[in-house]
Each structure stands twice: as C-alpha cells, then as structure tokens.
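Taken in order, these protein sequences are the chains called A and B.
All residue numbers for the first sequence refer to the numbering used here, where the first residue is 1256 and numbers rise by one.
All residue numbers for the second sequence refer to the numbering used here, where the first residue is 672 and numbers rise by one.
For each residue, glycine too, the CB sits at the ideal point set by N, CA and C.
Treat the numbers as computed from the prediction; the structure is a model and nothing was measured.
Presented below is the structure to which this report refers.
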Amino acid sequence: MTDTPIKDQAARDAAAKVAEYEHGWSADIETDFAPKGLTEDTVRFISAKKNEPDWMLDWRLKAFRLWQTMDAPDWAKLNVPPIDYQDAYYYAAPKAKKKLESLDEVDPEILKVYEKLGIPIEEQKVLAGVEGARKVAVDAVFDSVSVATTFREELKKAGVIFLSISEAIREYPDLVKKWLGRVVPVRDNYFAALNCAVFSDGTFVYIPEGVRCPMELSTYFRINAENTGQFERTLIIADKGSYVSYLEGCTAPMRDENQLHAAVVELVALDDAEIKYSTVQNWYPGDAQGKGGIYNFVTKRALCQGARSKVSWTQVETGSAITWKYPSCVLNGDDSVGEFYSVAVTNNYQQADTGTKMIHNGKRTRSTIVSKGISAGHSSGTYRGLVRVAPQAEGVRNFTQCDSLLLGDQCGAHTVPYIEVKNPSAQIEHEATTSKISDDQLFYAMQRGLAQEEAVALIVNGFAKEVLQQLPMEFAVEAQKLLGISLEGSVG
Amino acid sequence: MLSISNLHATVADKPILKGLSLTINAGEIHAIMGPNGAGKSTLGYTLAGRPGYQVTAGGAQFDGQDLLALDAHERAAAGLFLGFQYPVEIPGVSNVQFLRESLNAQRKLRGEPPLSGADFLKVARAQADAMGMDLDMLKRPVNVGFSGGEKKRNEMVQMGILNPKLALLDETDSGLDIDALRIVGEGINRIMRKPDKAVLLITHYQRLLDYVQPDFVHVLADGKIVRSGGPELALELERDGYKDLAA
C-alpha cells in the first residue's frame, strides 16, 4: 500500500503535533496526556497536571531516581516477559484506551460474561469504555436514587474524609505527608517505587477518632474515580477506635489496554481501630491461548500501629495474566490482629504468585491466614506467605491454612511458607492441603441435575466458602458467580 | 417406562455389560441381584450417564426418549435418579444449597419456573421430617461427617425432594442397621410406590426386599440377566447363593 496523502488540514496539523511529541519534549501543560516514555519530565508533567505542591513533586522525583537504580524482582514463581517501560504512557494516555461507538465493538466473550453477571446495559457500556457512557450510567445510578447526595451528606455528618488522593494532597497535606510512604516506603520494591513516581490517582480515606463509618466505602461510589486504573494509590487512615469497611474493584472484567498495573495501597490503624479491606480483582486475564492480559503487580500493606487494632484483608483474585500481590500486616501495636483471606483462581495460561506477610512486632499479636488457590488449564498458582515474629513479641499466635484445588492435570499449585520466629513463646500453626475436584463429586452433582460447569462452580464455591463468607454481602453473591465463570471450559 | 435392549458397556475398555435386556413399566418395582463383579453398579452408572462408562452396543429408551443420547444432568431432569452406594461428600456446600440448585436446574431444563427459597424449604423440610432427619443436617455440607446410615437416609431425602419418575437404587441397604433399613425401606415405598413411578433396586441381599416388596427379581451374572422371576426368586437366592447361576 502506498502512503495516502493527507488532504485534510486538521489531520495534517494533528499529524505534525504527534511527530513533534515523538521527537522531543514539548511541555504543553494544556495537553491531556504525557507522551510515551518515562523520564523526570514525565514525573514533572504528572505532578504539574495535578497542581501538586512542591513537596509532593520532590517526593515523586526522589522515588523516580531511586526506581532507576532498582531491578524488577525475580524471586516469584512467575514467568514475566521483559517490560519496556519507555514504550508506555504514564498519564491519561488517550490512545491507550480507544473509545468505542457502541457495545457491538466489544469482544463478544466479554459481553457474555457481563450478561452472566447480570450487569445492566448502561453499566456494561461504562465498563467496556463506550463513548459518553460514563455520564449516562453515573446519572442513572445516582440521580434516580440520589445515592450520591445522601452518601456524601452522611459521610460528612460522620466526619469521614473520602476523596481522591489528588484532592487530599491539596486539601489535607499534613495528613497525607504524615502517612504517605510510611507503610510502604518508596524503596520497598521496584513496582512500589515506580508507583510513587508516577501514580495517577487513587483514594484517600480518613476516619476520625471513635467514628464507625456509616457505610461500606467503595470507589464505585466516588464519581471522580475515573481513569485511576494504571498506577493507583490508596491511603486509608483509621484513627483511634474507628471502623471502616472498604470495597475495591469490580466483578465485571474491565476493558483496559494498559498492560502494567502497579498499585500501592497503604492502610493505617491506630489504637482500637479496625479496617476491613475487600478486593475483587477481575482484570482481563488474556485469551485462552495466553495472549494479552494485564500484569497486576500490586503492593498492599497495613500498619496495625495502635494497640488492639485490627486489619482484615479479603481478596478474590480471578483476573490478570500475571498477579504479584501480597497484602500484608505489620502488627506493631500490642494485641493487634491481622487477617488475610484469599481466593485466587488461575485458568488457561494465567500465573498468580500471591499471599501475605504477617510481621508480629507487638506483644500478643495474632494473625490468621486462609488461602484458597484454584488452578485450572495450563495455569500456575502459588501461595507465598511470611510469618515473622520479632524477638520482643511475646505470646504471638498465628494460624495459617493453605488449600489448593486442581482442575485437570496441566496446571500447577505451589505453597511457599516462610516462617521466622525469634521468640520462643510464639504458637505458629500451618496447615496445607492439595486436592483435585474428583470425578465422583462431579458426577454426583450432575446426577442430581447440574450441568458440568454448574457442578464445577458449586464445588469450587464450597471449597472457597471460608473466604467468600468474609466478603460483604453485595460482593459475595457476585464473587460466587465469578468463580464459576472464571473456570468455564476448564473441565471435560 | 424404561426399556433396555442388548446393552453392552465397557469401563476403561473392559467389557462389563454384555447384552443386558430389561423392561420396567410404570408402577413396577424391580430388584436386580447378583454376585460381586456381575456389573450391578456399572448398570446404574451407565444408565445415569457417568462419563467413562462407554456403551458399545444396544440401547435404552426412557419415557419415549433415547436415554443414551442425553447427558447425565439431562437424564436427571428427564426424571432418572441414582441412589449412590457411596454418597459423595461436597465440603462447603450445604445440602439445602445443593438440592435447591439441583432441583431448579432440573426445572429449568424442563421449562418449569424455579422454586423460591421459601417454597423449596417447605418441600425440603417435609422430606427431611419424613426420613427422621433434623433440619440441622439439611444445613450441613453435603454428606460431610455423616455416618454411613445418615448418608443413605440423605439419599432418600434427596430422592423425595427431586421426586423422580425412575429411581435406580444402588445398594441403598448396605451399611444400614435394622432400624435405618426399615426407615429407608418405608421411604422408598412412600416416595416411589406410585402408579406413575418405577424403581430398580440393586442389591446383594434379600433383607431390603422384606420392606420393599419387588414385583420382579432378576439375577445379573457376567453382564447379563440370567434369570428372572417373582419375589420368591430372592428368597431362593438367599438360601442357595449365586454359585449355580454364575456359571
């Protein structure tokens, strides 16, 4: 094919502009996207776009310089193809997410899943990124029942701060400065450092002393949560004696062409505070041949700083091509409690290396770990968990249970526990099982009337029940359906 | 209701059923007896459509349909129930959830509306009561931690809830004490002894037949029915054993 001459003047201008971006930096602050690649200028651009104070820009730049000296971790049982960090957009890349005209342009496989989950058409459009759909759906959800207004009113009355992290940096600089990077230090790991440098947006929550947050908080209800996907940053602070339950994610598979996701989530619980953090992660896992899919390299950590504080992580991980994720608890406060409940499903060619770290520094701190791994197809699932007891931590207790369920004979399940105990008074229990869905179970359920895939879903949900019942109601029902859908075609 | 003609079936390429023919009409109770390894359980699994049980020749009509053309769950929806010799445990799934999902899956295939949670519980409670099973057991995970007798009783509760046309009961009497045997026997009569239903009892022993009086008794040996008769045949087998028949 020969070059088509550009006739239209506007198109010619646009082409010239693109060429300019490609060949050199032209820092036009009015543009809505940073050009491809990652340099200090990219970091400055992002910070400037967000009207950030100087201290924030300095923090980002320090992180960026540190990141440049670091290497990607390779200790996980994952096969990660090399990532070209210069071949990506780091801010609101418009080309990275093509707007669609209608649902007809969406992969029919994804539409099928939406249908099975019972998602209304307007919401489907939002999830799939159809042009102009966001506003319609948000209006539909919020105006009809005035949820947003009631919601904001109620939170305000309770004194709860629930904002985007960008807003919080401007409006509550002292709180942010005090805690940002305190739980996950900039130098913690390669992906966390990257996030610190280029995080696009995220959520900030502060629950004042003694307040029980009057509702489950969810990014879904925060209208300006749009476009925070790739490098999300979350900071939740529960002051003394407060309680909050936070829901993250979405059961519907989101269409997103940003391949690398590197979020950082930091939780802080002061004396007697409790945070319950629930995640359903269903990013695009790639196709049945293992092509495409999201790399989900997330750092999530909680600081149980106060005495008798408690943090509970619950996660249902079904999506992403590669998952690298260890929601952890640093139990500094005496008598503080950490919990980790996880269901991780891998199918086709997905890989997941996930687990937790429970760092017992305080006296009489307790932790519970329940991990359920389900592997099917050619996938690989690894539980990796650390339980560490510091020398001064008297009377620590931990209970860990890791169960793996295999479907078929091409998949793998691995359990890698690390136990480091420096105080002899600790009681550490670890139980691990690996089983297969038996032909007997499948046939029994089918003989009673369930089709094979329904039978698999039922058995898998039974296997994961201890974790699913930790989820808030509205998540639990969808998560159950999701487990079945994720494993379709994995048996027979 | 069920008409099996010249059925041949293999398991892992090994021929087990070798030309079995049998007709069961509505309103009838049949018993199949026979020595170990005769193919009794294979007959149940083959008719119920268990994967791995390969039909190599012959056929089976169920209620005017080609039974062998249906998948296992479609056979269930068509009204075929298999009572398992060793009922299977499903951890984390309550009996109530299991049976409600199963029943509604059957109803969906038959084009019937699903039963609501409340309506289902009413049915389930009545069936559990009739089998002397308390509600707590219905809420417990399917067969997990149940004794042998409780598992068999649970099979009868399931049969009562699913309300099939034809029940194939594979050694439902094994592992039962005298009281449990009576309760299970009464359950079979109550649920299945009706003009529009039929039962095929697969058993080693006469003792269940004291409670569930069969209309016909057949002897299965080496994959075929070698003798058929009335209830008196069961008594004769009890007295003389199978040794003269197996040859």
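- Secondary structure at A:Arg1299: helix, using DSSP grouped into helix, strand and coil.
- For A:Tyr1532, same chain residues with a beta-carbon under 6 angstroms away, outside a window of 5 residues either side, are Tyr1501, Trp1568 in chain order.
- Fewer than three pairs of CB atoms, one per stretch, sit closer than 8 angstroms, so the region 730-746 of chain B makes no contact with the region 755-771 of chain B.
- Judged by their CB atoms, A:Val1566 and A:Gln1536 are not nearer to each other than the 9 angstroms cut-off.
- Counting C-beta pairs closer than 8 angstroms gives fewer than three between the region 766-785 of chain B and the region 1734-1747 of chain A, which falls short of the contact rule.
- At a cut-off of 9 angstroms between beta-carbon atoms, A:Leu1705 makes contact with chain B.
- The beta carbon of A:Gly1504 sits closer than 6 angstroms to those of Thr1534, Val1535, Gln1536, all from its chain and outside the five residues before and after it, given in chain order.
- The secondary-structure analysis by DSSP pairs A:Trp1579 across a beta bridge with A:Phe1552, A:Asp1608.
- Each of A:Glu1426, A:Val1519, A:Val1460 was checked against the Cα of A:Val1453, and the nearest Cα belongs to A:Val1519.
- Per the coordinates, the alpha-carbon of A:Asp1443 lies some 52 angstroms from the alpha-carbon of B:His744.
- Identification of residues in the region 747-763 of chain B having a C-beta nearer than 7 angstroms to some C-beta of chain A yields Ala747, Ala748, Leu753, Phe755, Val759, Ile761, Pro762, Gly763, given in sequence order.
- Neighbours of B:Ala795 across chain A, judged by C-beta separation under 7 angstroms, do not exist; the nearest C-beta is about 13 angstroms away.
- Note that the C-beta distance between A:Arg1320 and A:Glu1307 is not below 9 angstroms.
- Beta-bridge partners of A:Asn1334 (DSSP): none assigned.
- Under the DSSP assignment, B:Gly819 falls in the alpha helix (DSSP H) whose first and last residues are 819-833.
- One Cα belongs to A:Val1732, the other to A:Asp1456, and the distance between them is close to 29 angstroms.
- Assignment of B:Phe887 by DSSP, reduced to helix, strand and coil, places it in the strand class.
- Its chain contains Ile1462, Val1499, Ala1524, Ala1528, Ile1530 as the residues whose beta carbon lies nearer than 6 angstroms to that of A:Ala1493, once the 5 sequence neighbours on both sides are disregarded; these appear in chain order.
- Approximately 7 angstroms separates the beta-carbon atoms of A:Gly1663 and A:Val1746; this is inside 8 angstroms, confirming the contact.
- In the DSSP assignment, A:Ser1630 falls within the beta strand (DSSP E) that extends over 1621-1630.
- Under the three-state reduction of DSSP output, B:Phe752 falls in the strand class.
- When C-alpha distances from A:Val1600 are compared across A:Phe1718, A:Gln1702, A:Arg1563, the shortest belongs to A:Phe1718.
- By the neighbour-count definition (other C-beta atoms within 10 Å, threshold 16), A:Ile1338 is an exposed residue.
- A direct Cα-to-Cα measurement between B:His679 and B:Pro706 gives close to 19 angstroms.
- Closer than 9 angstroms at the C-beta level to chain A, one finds these residues of the region 716-744 of chain B: Tyr716, Ala719, Gly720, Arg721, Pro722, Gly723, Asp742, Ala743, His744.
- DSSP places A:Cys1451 in the uninterrupted alpha helix (DSSP H) bounded by 1445-1453.
- Closer than 9 angstroms to the CB of A:Lys1691 there is not a single CB belonging to chain B.
- Straight through space, the alpha carbons of A:Leu1410 and A:Ile1424 are spaced by roughly 19 angstroms.
- Look at A:Leu1713: its C-beta is under 9 angstroms from a C-beta on chain B.
- The alpha-carbon separation between B:Lys689 and B:Gly710 amounts to approximately 9 angstroms.
- Under the three-state reduction of DSSP, A:Arg1703 is assigned to coil, being neither helix nor strand.
- Between B:Val870 and B:Ile859, the beta carbon gap of about 7 angstroms places them in contact (Cβ cut-off 8 angstroms).
- Distance from the Cα of B:Ser676 is smallest, within the candidate group B:Glu699, B:Gly698, B:Leu714, for B:Leu714.
- Using a Cβ-Cβ distance cut-off of 8 angstroms, the region 1430-1445 of chain A and the region 1290-1305 of chain A are not in contact, since fewer than three pairs of beta carbons, one from each stretch, lie closer than that value.
- Identification of chain B residues near A:Tyr1699 by a Cβ-Cβ cut-off of 7 angstroms yields Phe755, Val759, ordered along the chain.
- Where A:Trp1538 is concerned, there is no enclosing alpha helix (DSSP H), because DSSP gives it neither an H nor an E.
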